[in-house]
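Visitor: Pasting a structure below so you can have a look.
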Amino acid sequence: MKLSRRAKRMQRHYRRMHKTGGLNLVSLMDIFTILVFFLMVNSSDVKVLQQDKSVELPLSVAKQQPKENIVIAVSGSNILVQGRVVSSISEVSDDGLFPGLKSELDYQASKNQSLQNVRDGYPVTLIADKNVPYKLLKKIMATCTAASYTRVSLAVSRKLEGKG
């Protein structure tokens, strides 16, 4: 049986109206592209020093951002350089220096090409728990100075200025 024009037109209309819609991905791709660029630009603003969970830093209102230097961490009974245990706190020599720490710092200075042209001393960041006695920190800083790491920075946690 042959369909009339009206029946054909209604059939076309019915097929057109009940067809599944297509998904337009152009807008979605634009949004994700903008999001990726935004995250790439803003990801370099935050500088975080890697530290042990057992180390609780002292609070300070310092505003200076940390620099990427060699990191010395004092945790419990060990001294770590770049996350590796190099000495124990009990391994102090007669002159008040830590031989394991000094040899590791000398090795780091010889290995790192960017540190070889520094005349006024190498930079180092010291991360220590707020309960570590200053006497121990002084010995660690003396060891750093003996290994030509004279620019010592102490890592702290930033506290809000309004709180006491």
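Final position of the sequence shown in numbering that gives the first Met the number 0 is 163; the numbers increase by one with none missing. C-beta atoms are modelled at their ideal positions from N, C-alpha and C, and glycine is treated no differently. As the structure is a computational prediction, the values presented were derived from the model and not from experiment.
Taking only beta-carbon atoms, is Gly21 less than 7 Å away from chain B?
Guide: Of the protein chains in this structure there is only one, and it is not chain B.
Visitor: In this structure, does DSSP put Val91 in helix, strand or coil?
Guide: coil
Visitor: Quick check on DSSP: helix, strand or coil for Asn77?
Guide: Strand.
Visitor: From what residue to what residue does the alpha helix (DSSP H) around Arg14 run?
Guide: 4-16
Visitor: From Asp94, Glu103, Ile33, pick the residue whose C-alpha is nearest to that of Tyr148; which is it?
Guide: Glu103
Visitor: So, using beta-carbon positions, are Leu100 and Val85 closer together than 7 Å?
Guide: yes
Visitor: Quick check: what's the CA-CA separation for Ser92 versus Gln81?
Guide: 22 Å
Visitor: Around the C-beta of Phe97, are 16 or more other C-beta atoms found within 10 angstroms, so that it is buried, or is it exposed?
Guide: buried
Visitor: With DSSP as the reference, label Val151 as helix, strand or coil.
Guide: strand
Visitor: Which same chain residues, not among the five before or five after Asn68, have their C-beta less than 6 Å away from its C-beta?
Guide: Pro122, Val123, Thr124
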